[in-house]
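Each residue of the sequence shown is one higher than the one before, counting from 1 in full-length UniProt numbering.
Beta carbons are placed, not taken as given, at the ideal position from N, Cα and C, and that holds for glycine.
Because the structure is a prediction, the values reported are computed rather than measured.
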Amino acid sequence: MRNRLGVIKWRIRGISTNIQCPVQGHRARSTHAAVDSVFETVSPSIKSWEEVPGPKPLPLLGNTWRFVPYIGGYSVEHVDKVCLSLREKYGKCVKMAGLLGRPDMLFVFDAGEVERVFRGEDSAPHRPSMPSLNYYKHTLRKDFFGAEKDCAGVIAVHGDSWAAFRTKVSKVALSTSSAAQYTVPVAEVADAFSLDTRLGCFESVEGSESQRLIDAVHTFFISVGELELRAPWWRIYPTAMFRRYVAALDTILRQVASQFYINSVTLSHVERALKECQANGGSKSLLQDLVTAAGPRVAAVAALDLFLVGIDTTSNAVASTLYQLASRPHIQERLHDEITKVLQGRPLAPGDINQMPYLKACVKEVLRLFPVVIGNGRQLTKDTVICGYNIPRGIQVIFQHYVMGNSEEYFSDASEFRPERWIQRSTYKHHAFASLPFGFGKRMCLGRRFAELEMHVALCKIVQAFKMEYHHEPLDYHIHPMYTPNGPLRLKFIDR
């Protein structure tokens, strides 16, 4: 049993090295429907930005001091609780002004306003940029990424450069058929990772390519929260945190773009995939499709961005779901019954997951209550009316789907874990824009199809093989760096 559990452990770890994303599930809807009222001319009944409620900034210190350990009352590790308190104290629209080195922020806890803004977007909406990542890409490593108008990727990039790059990769990455072809390989947990190579996930972990990549991405996520939410001293001098951040990104970049950096791995995989694509006319992988459609450099940059947002998010979502299932035996057994009925003892095949609505509902319910990335955002490109206030251009708007997803206003019995709410929608109150773990519209998560595939297949295989139990104190959730259970997952796996 110990060996078998060890396999399960590394299967989850191996799955996490795919190209999925977190981080941000609702089916994307058309965004071309005009919602003129979102960007209407300000009328006397609309209040000003200065009137938006929120914590008052102090002279010189602004509100940044609130995130300083032992001094301020806001913890980066517990931003979920900070947002709940902001909603309770100030209402559905909360201003966070005076953040040193970054634009003012607006937290929105109104699903109707989220829908209005998303449906009124133009063709190239801006997401809140990460200045530290932008600096890394377009200053420190400009020799690889070039200027923003060049091959800049999809993270921390906006406007025409983002739209041009996204167009090159979205048809391949967001295709349902592209993801479906990986069902069997992912189920076997073998060599179907994003770069068509196992990357050593089942061999010794210490020093393996996959472990270095996982560690680097984990460091990236821990560092970026600190660099973006606290005082940006890194802009003045390279702090220890910033140096670790850059080193982690360099590790990932070396793995993904060996054509441009010495002693790395992954461009050789890109070149190998291209040769295989040219040598046979069979089914092409995601990487081969990207190389064919856009060339090896675009494929390498896309792989970098997808690694950054996908390694921790998908594996943490699976771990969170396992904990919730182990804590709820009746839900776990209903899921096992569904899996058994569909598979009838045979291996998982493409199309089987679509016959498992309760499996999909379990994942949706976990992402509603405990989204691995608790908010989704935009940086306004024009003055916009939100919640009756005129919000100026440049403000960063955070749509807090963690708070909305846990609100009785939008979901019946919101605090209860009830997967059936996603199947019996007429029975349960539900607002489509209150829970958007993969985002919406043009800036929906690029790796969504693969993230969903990984989660569904991993959970299907584990629940099919094991009964899970949890016999300890309930775990709280915290942000480290994803929104995950705060403590070891001491799950008991029992052979079925």
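- [ ] Tell me whether T239 sits in a helix, a strand or coil according to DSSP, three-state version.
- [x] Within the sequence shown, residue 239 is the residue found at index 239, counting from 1. Note: T239 maps to coil in three-state DSSP.
Open item on the list: Cutting at 6 Å between CB atoms, please list the residues of its own chain near V94, excluding the five before and the five after it.
Closed with: Position 94 of the sequence shown holds residue 94. The residues are G54, L86 and F107.
Task: Continuous alpha helix (DSSP H) stretch holding H336: start and end - done: For the purposes of this step, residue 336 is taken as residue 336 along the sequence shown, with counting starting at 1. P329 to L343 is the span of the alpha helix (DSSP H), which, as asked, contains H336.
Open item on the list: Quick check: what's the CA-CA separation for residue 498 versus A319?
Closed with: Summary: the structure shown does not reach residue 498, with the chain confined to residues 1 through 496, and so no result is reported for it.
Task: Short Cβ contact (8 Å threshold) for K47 with G375 - done: For the purposes of this step, residue 47 is identified with residue 47 of the sequence shown, where counting begins at 1. For the purposes of this step, residue 375 is identified with residue 375 of the sequence shown, where counting begins at 1. No; because the gap between Cβ atoms is not below 8 Å, this pair is not in contact.
- [ ] Give every residue of the same chain whose Cβ lies closer than 8 Å to the Cβ of R328, excluding the five residues on either side of it in the sequence, and list them in chain order.
- [x] Along the sequence shown, one-based indexing puts residue 328 at 328. Counting only Cβ-Cβ distances below 8 Å, and skipping sequence neighbours, we find F417.
Open item on the list: Can you confirm whether the stretch 367-374 touches the stretch 347-358 when touching is taken to mean that 3 or more C-beta pairs between the two stretches lie within less than 8 Å?
Closed with: No, the stretch 347-358 does not touch the stretch 367-374.
TODO: Enumerate in chain order the residues of its own chain whose CB-to-CB distance from R166 is below 6 Å, with the five nearest sequence positions on each side excluded.
DONE: Here residue 166 refers to the residue found at position 166 when the sequence shown is read from its first residue. Closer than 6 Å at Cβ, skipping near neighbours: V154.
Task: Which listed residue (I395, Q396 and A434) has its alpha carbon closest to that of A414 - done: Stepping through the sequence shown from its first residue, residue 414 is reached at position 414. Comparing Cα-Cα distances from A414 to each of I395, Q396 and A434, the minimum goes to A434.
TODO: To the nearest angstrom, report how far apart L359 and G101 are at their CA atoms.
DONE: Residue numbering aside, residue 359 sits at position 359 when the sequence shown is read from its first letter. Residue numbering aside, residue 101 sits at position 101 when the sequence shown is read from its first letter. Distance between the alpha carbons of L359 and G101: 44 Å.
Task: Backbone secondary structure at C93 - three-state DSSP - done: Residue 93 sits at position 93 when you count from the first residue of the sequence shown. Correct three-state label for C93: strand.
TODO: Could you give the DSSP three-state label for G468: helix, strand or coil?
DONE: Here residue 468 refers to the residue found at position 468 of the sequence shown. Checking the sequence shown, residue 468 turns out to be Met, not Gly. DSSP places M468 in strand when its eight states are reduced to three.
TODO: Would you tell me roughly how many angstroms separate the C-alpha atoms of Q424 and G394, rounded to the nearest one?
DONE: Indexing the sequence shown from 1 puts residue 424 at position 424. Indexing the sequence shown from 1 puts residue 394 at position 394. Spanning the two alpha carbons is a distance of roughly 41 Å.
TODO: Would you check if the distance between the CB atom of G98 and the CB atom of G62 is smaller than 8 Å?
DONE: By one-based count along the sequence shown, residue 98 stands at place 98. By one-based count along the sequence shown, residue 62 stands at place 62. Result yes, Cβ atoms of G98 and G62 sit closer than 8 Å.
TODO: For S204, name the three-state secondary structure that DSSP assigns.
DONE: Walking along the sequence shown from the start, residue 204 turns up at place 204. Note that S204 has pLDDT 45, beneath the 50 cutoff, so the model's placement of it is unreliable and the number below is only indicative. In this structure, S204 counts as coil in the three-state DSSP scheme.
Task: Whole alpha helix (DSSP H) elements within the stretch 440-494, 4-residue minimum - done: 448-465
- [ ] Leaving out five residues on either side along the sequence, give the residues of the same chain with a beta carbon under 6 Å from the beta carbon of G487.
- [x] One-based indexing of the sequence shown puts residue 487 at position 487. L475, listed in sequence order.
Open item on the list: I'd like the list of long-range same chain contacts for V403, defined as Cβ closer than 7 Å, with 5 residues on each side in sequence excluded.
Closed with: Walking along the sequence shown from the start, residue 403 turns up at place 403. Closer than 7 Å at Cβ, skipping near neighbours: C83, L84, R87 and F109.
Task: Residue range of the alpha helix (DSSP H) that includes Q211 - done: Taking the sequence shown and counting its residues from 1, the one referred to as residue 211 is at position 211. Its alpha helix (DSSP H) spans residues E209 to L229.
Task: Outcome for I71 when other beta-carbon atoms lying within 10 angstroms are tallied against a minimum of 16 - done: For the purposes of this step, residue 71 is taken as the residue at position 71 of the sequence shown. With fewer than 16 other Cβ atoms within 10 Å, it is exposed.
TODO: Tell me whether V68 is buried or exposed, calling it buried when 16 or more other Cβ atoms sit within 10 Å of its Cβ.
DONE: Taking the first residue of the sequence shown as 1, we reach residue 68 at position 68. When all chains shown are included, V68 counts as exposed.
Open item on the list: Any contact between the stretch 442-460 and the stretch 306-315? By contact I mean 3 or more CB pairs, one from each, below 8 Å.
Closed with: yes
Open item on the list: Can you tell me where the alpha helix (DSSP H) holding R66 begins and where it ends?
Closed with: Numbered from its first residue, the sequence shown carries residue 66 at position 66. Neither: R66 is in no alpha helix (DSSP H) and is coded neither H nor E.
Task: Given L213 as reference, the closest of V309, K142, P128 and Q332 once Cα atoms are compared - done: To locate residue 213, count along the sequence shown from 1; it is residue 213. Nearest option by C-alpha distance: V309.
Open item on the list: On the CB-based measure, 16 or more other CB atoms within 10 Å of its CB, does E473 come out buried or exposed?
Closed with: Counting from 1 along the sequence shown, the entry for residue 473 is found at position 473. It counts as exposed.
Open item on the list: For Y431, which residues in the same chain have their Cβ closer than 7 Å to its Cβ, ignoring the five residues on either side in sequence?
Closed with: Along the sequence shown, read from residue 1 onward, the residue named residue 431 stands at position 431. Contrary to the premise, residue 431 reads as His rather than Tyr in this sequence. Around H431: A111 and Y410.
Open item on the list: Three or more C-beta pairs under 8 Å: does that hold for the stretch 241-251 against the stretch 329-342?
Closed with: The stretch 241-251 vs the stretch 329-342: no contact.
- [ ] Taking W49 as the reference, give the member of M96, L60 and V79 with the closest Cα.
- [x] Locating residue 49 in the sequence shown gives position 49, counting from the first residue. Checking every option, the nearest Cα to that of W49 belongs to M96.
Open item on the list: Taking DSSP's pairing of strands, which residues face M105 in a bridge?
Closed with: Counting from one through the sequence shown, the residue named residue 105 turns up at place 105. The partner list for M105 (beta bridge, DSSP) reads M96 and Q396.
TODO: Using three-state DSSP, classify L359 as helix, strand or coil.
DONE: In the sequence shown, the residue the question calls residue 359 occupies position 359. Of the three classes helix, strand and coil, the one that applies to L359 here is helix, per DSSP.
TODO: Keeping to the same chain, check which residues put their C-beta closer than 7 Å to that of P57; ignore five residues upstream and five downstream.
DONE: Position 57 of the sequence shown, counting from 1, holds the residue named residue 57. Shown here for P57: same chain residues with a beta carbon closer than 7 Å to its own, the five before and five after excluded, namely N63, A97 and G98 in chain order.
Task: V117, enclosing beta strand (DSSP E) - first and last residue - done: The residue labelled residue 117 in the question sits at position 117 within the sequence shown. Looking at the DSSP string, V117 is not in any beta strand (DSSP E); the run it does join, the alpha helix (DSSP H), is A111 to R119.
Task: Exposure label - L491; buried when at least 16 CB within 10 Å - done: Along the sequence shown, one-based indexing puts residue 491 at 491. Burial call: buried.
- [ ] Tell whether a beta-carbon distance below 8 Å holds between S123 and A156.
- [x] In the sequence shown, counting from the first residue as 1, residue 123 sits at position 123. In the sequence shown, counting from the first residue as 1, residue 156 sits at position 156. Contact: no.
- [ ] Determine the contact status of P481 and F242, defining contact as a CB-CB distance below 8 Å.
- [x] The residue labelled residue 481 in the question sits at position 481 within the sequence shown. The residue labelled residue 242 in the question sits at position 242 within the sequence shown. Contact flag unset, no.
- [ ] Reducing DSSP to helix, strand and coil, say where N390 ends up.
- [x] Looking up residue 390 in the sequence shown gives position 390. Residue state, collapsed to three classes: strand.
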